[in-house]
Every structure is written in C-alpha cells, then in structure tokens.
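Participant: Can you read through this structure? Questions will come right after.
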Amino acid sequence: MANNPWGPKGGDDGKSGGGSGDGGGKKPGPRNPWVSPDPVDINRARKPRGPSALDELLRKGRGSFGGGGDGNGGGGNINFGDSAKLWKWGILGVVVIWGLFSSIHIVPPEKEGVVTRLGSYSRTVGPGVKLTWPAPIERIRLEDVRAIRTMPIGSPNATDENFVLTRDQSLVDLAYEVRWSVRDPQLFFFQLADPEGTIREVAETSMRATVANFDLVQAIGPGRVDIEAQVQQRMQALLNEYRAGVTIQGIAIRQVDPPSEVDEAFKAVTAAQQQRESAINEARAYEAQVLEGARGQTAAFDKIYEQYKLSPQVTRQRLYYETMERVLSNVDKTIVEPRGVTPYLPLPEVQRRMKAPEATSAPAPAPKGGQ
C-alpha cells in the first residue's frame, strides 16, 4: 500500500498520530487528490517567506524619510518629526514663490495699473516696476491710457440702416465712428458697469439730438463738420456727468444717405440743388468782378480830379481829346477844312484796303478729316 496513491499516508488513517508533527516518525506517503487535506498538514507545509517587492519599496521609502528597519526585512518605526519638517519647508517655498510672482509687477510705459485690496480700490500706479501685497490680498489690473479706440455705429450696408430724423422731418441713414480713450482707469473700471455700452448709448443719443437741429441738405452736405463738433461736445459733457473717465477724441461721419426707397429721387433733387448753387456762385463772381471794376474806375477818377484841381484847362482839354479818340475810333469820319472847302479823305476805305492784303496773305487753315 506504500505505492498506492489512493491509500492512507504514513501507514495510518490520518486521524491518529498521537499529536506528533511527523506522523509517528514515518515518512508520509502520496496524498489522495480526492480527499481534503488535513488542516494540520497545511500548517506544517507553510514556511516563513521573505519580504515582497512592495514591502521592500515601502521600507526604502520610510528609510528616506528617516525611518529604520528591524534587520529582518520588516518595516521599522518612521521618524515623523523629520518628515513634518520637510513638508513645512516645501510649503514655505511654494508660499514664497507665489508671493514673489504675485507681488512684483511690471507696468508698460503706455499703461497704468489699478490696484485693488480685497476687491476695493486702493491706488493707481504708473509705469515701472511696482510692488503690491501678494494675491489675493492685492491685485493689479492694467489699462492702456494712450490707445485711441474706435467704435463704429451704423453700417454702410443697406440691410443695416441707422435712421436719424432731421429738423425738416426727413430721414437720413447715418454711419459714423467714435474715437475715444481712457483718461482715468479708476473711474473707467469702477464707476460704470458697462463702459463701452454706455459710450455707444451716449453717442447715439448725442447724434440724434444734434441732427435734429439741421435740415436734410445741411446734414448731407455743408453741415457735417458742425454736426461732428457738436456731437463730440455733447458726448464729453454727458460722460463727464457720469464720471466715466473717458475722453472723446473725435467723431467721423462716414455716410449720410437718404433711405434706399427714395435714393433715386433724392439724387435728382441733389443735382438740381447743386446746379442752383453753381449759378449762385457764378452770379456772385460776376458781382465781385463788376464791383472791382467800379472801384478801379473810382480810384482813377479821383486821381484825375486831383490833376484837374491843379490845372483845370489842360486837364479838360486832355479829357476831351481822349473821349473823342475813344468815340471816333470805330466810325467813318469826314474831315472838313475851314473857309468853305470840303475835301474828302476816305480814311476808312484806306484802312480797309490796308487790312485786306494782310487777310489774304494769312495761311488758310488745314482741312479737317483729311479733305
């Protein structure tokens, strides 16, 4: 039965053995695989094992933090005092780095910084390297105070019309730009909830109030410069009342057109008005020319009168000769000699004969079109 794999092991039935650990000194035989092993045999088969890889890794980690081993591969006691010191130094380093990065600020030359302490306004700093308390105690917000910003209102597109009413109850489609800059960053950040939206509303209100004082013709043509100046003044006054911290640099009107439905008719009316203005300008130019001629004649007469006062007879005779020369220069003349003799000297005929050869000797103009 010693070689029978299904028989009892160790020469007994596995239920006796006198409590000895080796089965009464006999060598155990093969184990029956169909019978559950005895718990005593399982405990005998167990042997002490060495530390695993995870235990070894943990032991090395504890050693790096000041812990020790017991010499048998097991973990020893950890030196929690040294570990706490390392954590304290690490946290202190992070706090120092954070304080440096959040306390030193470089403000560019074109900007100003608004410093807030716990959310409330503290001060305004200029360009350069500035120091503040670390965040979140103090924070700094930079704003460009030299940049001129442009805000377009209206559009040249016909689908986005911006109608404004004029004094003569006409509608015009206005497209313009507002140029503005930040004057006081403190007021710009804290006084208005929506500064840019406020600027847009103020611009539209000022434009409508200003255009209402101009006729349609003035708004489209000669009144543009006045409209831009008045809108700028109105906007600046309103924004100063709001304490917006903004300066209006200028208004530029890009388009002033009638509604698209009456555009053709309005162009015809505008052309007629331009012709009227042209005729008025020509009449004024002629008026100025005539006035200047009259002033020149008056000045010449005054000079002649001064000479007449000095020598009346000579001046009178000279005026007579000049007048007769001017009157008789273009008429046929007959010279009558005294003592009843009337010789006829055909001076006009002689002059015409003298002019005829000059006209015939002039070269004929070249024919047009190769004829």
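Convert by adding 780 to the 1-based position in the sequence shown; the result is the number in my numbering.
For glycine and all other residues, C-beta sits at the position ideal for the given N, C-alpha and C.
Whose C-beta lies closer than 8 Å to the C-beta of residue 1028 among residues of the same chain, with five residues either side of it excluded?
Facilitator: Position 248 of the sequence shown, counted from the start, is the residue given in the question as residue 1028. Once the five neighbours on either side are set aside, the close Cβ partners of residue 1028 are 958, 959, 960, 1012, 1015, 1016, 1019.
Participant: Check for me: the beta strand (DSSP E) holding residue 900 runs from which residue to which?
Facilitator: On the sequence shown, residue 900 is found 120 positions in, with the first residue counted as 1. Per DSSP, residue 900 belongs to the beta strand (DSSP E) from 900 to 905.
Participant: With distance defined between alpha-carbon atoms, name the residue in 1070, 924, 1076, 931 nearest to residue 1034.
Facilitator: Position 254 of the sequence shown, counting from 1, holds the residue named residue 1034. Among 1070, 924, 1076, 931, the Cα nearest to that of residue 1034 belongs to 931.
Participant: Could you pull out every residue in the same chain whose Cβ sits closer than 6 Å to the Cβ of residue 805, ignoring the five residues on either side in sequence?
Facilitator: Position 25 of the sequence shown holds residue 805. Residue confidence for residue 805 is low, a pLDDT of 49 falling below 50, so the modelled location carries little weight; the figure read from the coordinates is stated next. Closer than 6 Å at Cβ, skipping near neighbours: no residue.
Participant: For residue 953, count neighbouring C-beta atoms within 10 Å of its own C-beta (all shown protein chains included) and say buried if the count is 16 or more, exposed if not.
Facilitator: As a position in the sequence shown, residue 953 is number 173, starting the count at 1. So residue 953 counts as buried.
Participant: Using the three-state DSSP reduction, which class does residue 1077 fall into: helix, strand or coil?
Facilitator: One-based indexing of the sequence shown puts residue 1077 at position 297. If DSSP states are grouped into helix, strand and coil, residue 1077 belongs with the helices.
Participant: Three or more beta-carbon pairs under 8 Å between the region 960 to 972 and the region 917 to 927, yes or no?
Facilitator: yes
Participant: For residue 932, list the residues DSSP reports as bridge partners.
Facilitator: To locate residue 932, count along the sequence shown from 1; it is residue 152. 957, per the DSSP bridge assignment.
Participant: Considering only DSSP beta bridges, list what residue 909 is partnered with.
Facilitator: Residue mapping note: residue 909 aligns to position 129 of the sequence shown, counting from 1. Residue 909 pairs with 886.
Participant: Straight-line CA distance for residue 907 to residue 894?
Facilitator: Locating residue 907 in the sequence shown gives position 127, where the first residue counts as 1. Locating residue 894 in the sequence shown gives position 114, where the first residue counts as 1. Going by the C-alpha atoms only, they are around 11 Å apart.
Participant: Out of 1021, 899, 1054, which has the shortest C-alpha to C-alpha gap to residue 998?
Facilitator: Position 218 of the sequence shown, counting from 1, holds the residue named residue 998. Among 1021, 899, 1054, the Cα nearest to that of residue 998 is on 1054.
Participant: State the beta-bridge partners of residue 1037 as determined by DSSP.
Facilitator: Start at 1 with the first residue of the sequence shown, and residue 1037 comes out as number 257. Answer by DSSP bridge pairing, in chain order: 953.
Participant: Measuring CB to CB, does residue 968 end up less than 8 Å from residue 1025?
Facilitator: Along the sequence shown, one-based indexing puts residue 968 at 188. Along the sequence shown, one-based indexing puts residue 1025 at 245. In this structure, residue 1025 lies closer than 8 Å to residue 968 by Cβ.
Participant: With residue 895 as the anchor, note down where its beta strand (DSSP E) starts and where it stops.
Facilitator: One-based indexing of the sequence shown puts residue 895 at position 115. 891 to 897 is the span of the beta strand (DSSP E), which, as asked, contains residue 895.
Participant: Kindly indicate which residue of 1065, 974, 1058 has the alpha-carbon position closest to the one of residue 1023.
Facilitator: Along the sequence shown, one-based indexing puts residue 1023 at 243. Answer by Cα proximity: 974.
Participant: Let me make sure I understand the geometry here. Which of 951, 1095, 1132 has the alpha-carbon closest to that of residue 1046?
Facilitator: Looking up residue 1046 in the sequence shown gives position 266. Of the candidates 951, 1095, 1132, the one whose C-alpha sits nearest the C-alpha of residue 1046 is 951.
Participant: Nearest CA to the CA of residue 1038: which residue from 1030, 1048, 1032?
Facilitator: Counting from 1 along the sequence shown, the entry for residue 1038 is found at position 258. Looking at the Cα atoms, 1048 is the closest of the given residues.
Participant: Are the CB atoms of residue 901 and residue 933 nearer to each other than 8 Å?
Facilitator: For the purposes of this step, residue 901 is identified with residue 121 of the sequence shown, where counting begins at 1. For the purposes of this step, residue 933 is identified with residue 153 of the sequence shown, where counting begins at 1. No, these two residues do not count as a Cβ contact at 8 Å.
Participant: Any idea what DSSP makes of residue 856, helix, strand or coil?
Facilitator: Reading the sequence shown from its first residue, position 76 is the one you call residue 856. Because the pLDDT of residue 856 is 47, which lies under 50, any placement of that residue in the model is unreliable, and the number read from its coordinates should be weighed accordingly. Three-state DSSP puts residue 856 in coil, outside helix and strand.
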